[in-house]
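Chemist: Its first residue numbered 56, the sequence shown is counted upward by one per residue in the numbering used here. Beta carbons are placed, not taken as given, at the ideal position from N, Cα and C, and that holds for glycine. On a predicted model such as this, the values are computed, not experimentally measured, just so you know.
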Amino acid sequence: MSARILAGKEFAAQLKAEAAQRVKALQDKYGVTPGLAVVLVGDDPASQVYVRNKDRACAEVGIHAERINLPADTPLEELLAVIDRLNADASIHGILVQLPLPAQIAAHEGEVINRISPDKDVDGFHPVSVGRLVTGESGLLPCTPAGCLRMLELAGIPVDGKRAVVVGRSNIVGKPMAMLLLRKNATVTICHSHTQDLASITREADILVAAIGKPNFITADMVKPGATVIDVGINRIAPKKLVGDVDFAAVSEVAGAITPVPGGVGLLTVAMLMENVVQAAEQQLAAK
Ligand code: NDP
56 MSARILAGKE FAAQLKAEAA QRVKALQDKY GVTPGLAVVL VGDDPASQVY
106 VRNKDRACAE VGIHAERINL PADTPLEELL AVIDRLNADA SIHGILVQLP
156 LPAQIAAHEG EVINRISPDK DVDGFHPVSV GRLVTGESGL LPCTPAGCLR
206 MLELAGIPVD GKRAVVVGRS NIVGKPMAML LLRKNATVTI CHSHTQDLAS
256 ITREADILVA AIGKPNFITA DMVKPGATVI DVGINRIAPK KLVGDVDFAA
306 VSEVAGAITP VPGGVGLLTV AMLMENVVQA AEQQLAAK
């Protein structure tokens, strides 16, 4: 059996087309273009690639993108002052501070995220956003897990009542992914590095999400035949070679559907960010 390949490009294009329509509707109704500010501290090469992809997506969707590049030695107070200015700027509806932060302020990541107004928190990392996710209130959702869920919806893969297993419990992927699947009525198990007999748990999954950060960690014997496998991992194993957390070649012979890396979840993450900026703008403009 060969799995259906869930190509991120196709689903991301759908999400971006929807977002573009909503941008147009906001321009028609309010005469306002949604604005995203991306703050990049330092010159981490991977972050620069991510930020460029975000700029490109904004241009495609019609979102105004403002890039703020700060030197790597920017003091914390200065970064917080930039965030305060953006919080108060009515032309900016979404604020994103690209992570990771440089070493000298990395320990203050929580403080930096908490400084962003929850209404403009398009990364969905602020504790208020996390709280809304857990209680089921409407709010801005973390882009990667929300993108995965939107992809399942668009692909017509049912979640309600299914067994879902998420491997990884980070605040940005694993935990919110599990919470979103729970909200959609899946029966969810979260696994992590202390989980015993991991394979026996992953083999029960109708939907298996891998967010581990270890190349080719999920092997074919860990997957139930016909399962949907979502590979969030991005691992660089050679200068020009990226692989996921799932052994794609072998697992695609067992799974019913699978996301490739590259070309899978990563594209959905950026598309979901666009959706979040539009949602934030809609809410801020409606509240005026
Ligand atoms: P973290 O390193 O924060 O979390 C990894 C998780 O995997 C931890 O919860 C850890 O468990 C768990 N883990 C590690 N080893 C094992 C093991 N042997 N068995 C079971 N669980 C294990 O990573 P992130 O969540 O930030 O990212 C995960 C992957 O997703 C990375 O490759 C990252 O690059 C990628 N990513 C991709 C995005 C995209 O847009 N596609 C966006 C964000 C991330 P424990 O908690 O016990 O340590």
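#1: The ligand NDP and D178: does any heavy atom of the ligand fall closer than 7 Å to the residue's C-beta?
#2: Going by the beta-carbon positions, is the gap between A210 and L61 smaller than 8 Å?
#3: Rounded C-beta distance between V309 and V332? I'm assuming under 8 Å.
#4: Return helix, strand or coil for G299, following the three-state DSSP convention.
#5: Pick from P231, D215, D252, N240: whose alpha carbon is nearest that of S184?
#6: Any heavy atom of the ligand NDP closer than 7 Å to the Cβ of A241?
#7: Quick one: residues in its chain with C-beta nearer than 7 Å to the C-beta of A335, no 5 flanking neighbours on either side, listed in chain order?
#8: At what residues does the alpha helix (DSSP H) containing E115 begin and finish?
#9: DSSP has L119 in a bridge; who is on the other side?
#10: Along the chain, where does the alpha helix (DSSP H) containing I168 start, and where does it finish?
#11: Helix, strand or coil: which one does DSSP assign to R59?
#12: Measure the CB-CB distance between E121 and A92 and report whether it falls below 8 Å.
#13: Ignoring anything shorter than 3 residues, give me the beta strand (DSSP E) runs that lie fully in the stretch 164 to 251, in order along the chain.
#14: Please tell me whether, using a cut-off of 7 Å, the distance from the CB of L253 to the nearest non-hydrogen atom of the ligand NDP is below it.
#15: Once you ignore the five residues that flank P270 on each side, which residues in its own chain have a CB closer than 8 Å to its CB?
#16: Bridge partners for V96 per DSSP, in chain order?
#17: Check whether the Cβ of A266 sits closer than 7 Å to any heavy atom of the ligand NDP, and report yes or no.
#18: I'd like to confirm something about S102: is its beta-carbon nearer than 7 Å to some heavy atom of the ligand NDP, or not?
#19: Quick check on the burial criterion: 16 or more other C-beta atoms within 10 angstroms. Buried or exposed for H249?
#20: Any chance the CB of R224 is under 7 Å from a heavy atom of the ligand NDP?
#21: For a quick check, are the C-beta atoms of A241 and V264 less than 8 Å apart?
#22: Closest to A158 by CA distance: which of D139, P130, L135 is it?
#23: Hey, out of M329, Q338, N142, whose CA is closest to R111's CA?
#24: Might you give, ordered along the chain, the residues of its own chain that have their beta carbon closer than 7 Å to the beta carbon of M234, omitting 5 neighbours on each side?
#25: Once the 5 residues before and after N142 are set aside, which same chain residues still bring their CB inside 6 Å of it?
Modeler: Let's see:
#1: no
#2: yes
#3: Actually they do not touch by this definition, with Cβ atoms about 38 Å apart.
#4: coil
#5: P231
#6: no
#7: H148, G149, D174, K175, V177, L195
#8: 100 to 116
#9: Here residue 119 turns out to be His, not Leu, going by the sequence shown. G90.
#10: 164 to 170
#11: strand
#12: yes
#13: 218 to 222, 242 to 246
#14: yes
#15: G288, N290, I292, V298, G299, D300
#16: L125
#17: yes
#18: no
#19: exposed
#20: yes
#21: no
#22: P130
#23: M329
#24: L188, V189
#25: S172
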